[in-house]
Ligand SMILES: Cc1cc2nc3c(=O)[nH]c(=O)nc-3n(C[C@H](O)[C@H](O)[C@H](O)COP(=O)(O)OP(=O)(O)OC[C@H]3O[C@@H](n4cnc5c(N)ncnc54)[C@H](O)[C@@H]3O)c2cc1C
């Protein structure tokens, strides 16, 4: 692929993890043309993961910044604080609110995702909080200081990370999860069980199979089985939706996110997409949209190499994700969907290692508080199960045998 001309104009919509990274990586790869970052959130680009973790405890917004203000000046990156309202693909121009026009030679969509609230009466009320942006987190932190009993609707990563922080702050917490297990979309049943026990040990009340009928302002949450859960703070941690409307309105292919090919190009070769808003093909087949820092950062680097250097390769990084819930560090490498066999390896108290196999090969590994085991298993993703079996599931031995 031909790299961009040295004076080509790159515009990035979205100044989150991926938008920031693509701009920074373009400069690292030696691209010297004009780069404009358009973002609707106030202030400098920041990291979201600490919002449900350290920030809940310390409230230090400065620490979240991906880079200080001087970085953008030094790197000649132009930040525009505005919402992008349209893309004219014919003339290659992005419009922002207020009527400004930003011409591009290449456009990168890094619009991320937004919190989603299912249509449950009262769940859309202003009193119900969500946790996606720094503004959400500041509000939630402020409310938490005056809360006696927090109700978390949704037993996914963000809800559970918040639950652990709220418990550490001495607040009573009830987590309501419709599914029969926690983090069911992303974790093996064995790991869901492990975290259920861990959260209960933190003193969190976890109700599984709990369907919310209505949020009753000031009182709490009513379940479909008639139970009333009393609480003075309700957090809707009910998943996200990709911000793909701008792309759809511009006529790009959208299906659970902006559809891209292996090079992370949309159906328009002048437009790439990355991170939480992009649905990309997996090397083993199928298409996925991942909500993780690793995907956003690695997508961004991949796009920057293509634009700056003309590199052709398809994106093939192994997915990786972490979640800190209280003192428990969960790490996941690979994708466990469709796993036919799950092997939980015996570990010391407070640790867990689960291997997931698909089509006779290691598809994913989930670990808790087990960094060395995680690092070893990660290198074995794609290895035949027979290799691990022959090593008695000793990961280091399997690595040695595999390398030999
Ligand atoms: C509370 C929380 C905790 C998390 N914890 C973890 C974790 O532990 N580990 C992990 O791997 N991941 C975690 N994540 C997920 C991770 O933060 C995201 O996957 C990552 O931020 C995705 O980067 P992105 O650039 O695709 O999108 P985002 O970071 O969401 O950035 C998108 C930006 O685009 C802006 N935007 C959208 N539309 C427009 C428009 N029309 N005009 C201008 N701007 C626009 C948005 O306002 C936003 O600022 C967490 C997320 C949250 C919210």
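Numbering (full-length UniProt numbering), first residue to last: 1 to 404. Cβ coordinates follow ideal geometry from the N, Cα and C atoms, glycine included.
Residue i, buried or exposed, once every other Cβ within 10 Å from all chains shown has been counted against 16
i	result
residue 419	Residue 419 lies beyond the range of the chain shown here (1 to 404); nothing can be said about it.
residue 227	exposed
residue 1	exposed
residue 276	buried
residue 68	exposed
residue 336	buried
residue 224	exposed
residue 334	buried
residue 86	exposed
residue 434	A question about residue 434 goes unanswered here, because the residues of the chain that appear run from 1 up to 404.
residue 7	exposed
residue 145	exposed
residue 48	buried
Residue span of the alpha helix (DSSP H) that contains residue i, given as start and end
i	result
residue 193	189-201
residue 148	Careful: residue 148 lies outside any alpha helix (DSSP H) and carries neither H nor E.
residue 25	17-28
residue 159	157-168
residue 372	371-379
residue 70	69-74
residue 247	245-249
residue 54	54-58
Close-in-space but distant-in-sequence residues of the same chain around residue i (CB under 7 angstroms, 5 per side omitted)
i	result
residue 187	366
residue 360	384, 385
residue 220	151, 228, 229, 230, 231
residue 42	81
residue 184	192
residue 190	342, 344, 354
residue 159	152, 175, 235, 237
residue 23	12, 35, 37, 77
residue 265	272
Neighbourhood of residue i by C-beta, 8 angstroms cutoff - its chain only, sequence neighbours within 5 removed
i	result
residue 139	129
residue 240	113, 114, 115, 116, 132, 276, 291
residue 339	188, 356, 357, 358, 363, 364
residue 57	165, 168, 169
CA-to-CA distance, residue j to residue i, given in whole angstroms
i	j	result
residue 283	residue 400	26 angstroms
residue 71	residue 232	42 angstroms
residue 112	residue 66	16 angstroms
residue 74	residue 21	15 angstroms
residue 199	residue 161	10 angstroms
residue 394	residue 180	32 angstroms
residue 141	residue 372	34 angstroms
residue 251	residue 402	47 angstroms
residue 406	residue 197	Outside the shown range of the chain, which is 1 to 404, sits residue 406, and nothing can be said about it.
residue 155	residue 33	45 angstroms
residue 4	residue 35	12 angstroms
residue 13	residue 59	27 angstroms
residue 377	residue 285	22 angstroms
residue 304	residue 381	26 angstroms
residue 328	residue 288	27 angstroms
residue 267	residue 120	36 angstroms
residue 261	residue 38	24 angstroms
residue 391	residue 350	24 angstroms
residue 263	residue 307	11 angstroms
residue 321	residue 126	31 angstroms
residue 89	residue 136	33 angstroms
residue 171	residue 206	14 angstroms
residue 100	residue 40	14 angstroms
residue 274	residue 109	6 angstroms
residue 143	residue 397	50 angstroms
N-terminal and C-terminal residue of the beta strand (DSSP E) that residue i is part of
i	result
residue 423	The chain is shown from 1 up to 404; residue 423 falls before or after that span and cannot be answered.
residue 228	228-230
residue 406	For the chain, the structure presents residues 1 to 404; residue 406 sits outside this window and is missing.
residue 478	As shown, the chain starts at 1 and ends at 404. That puts residue 478 outside it, with no answer to give.
residue 279	278-281
residue 392	Per DSSP, residue 392 belongs to no beta strand (DSSP E) and is neither H nor E.
residue 88	84-88
residue 329	328-334
residue 237	No beta strand (DSSP E) holds residue 237; DSSP gives it neither H nor E.
Residues near residue i by beta carbon distance below 6 angstroms, same chain, minus five either side
i	result
residue 104	9, 11, 92
residue 123	117, 215, 236
residue 182	155, 192, 195, 196
residue 326	164, 202
residue 256	279, 289
residue 218	none
Is there contact between the segment 308-327 and the segment 336-346, where contact requires at least three CB pairs shorter than 8 angstroms?
no
If contact is defined by three or more beta carbon pairs under 8 angstroms, each pair taking one atom from either stretch, is the segment 38-58 in contact with the segment 164-178?
yes
Pairs of beta-carbons, one from the segment 168-176 and one from the segment 193-212, closer than 8 angstroms: are there three or more?
yes
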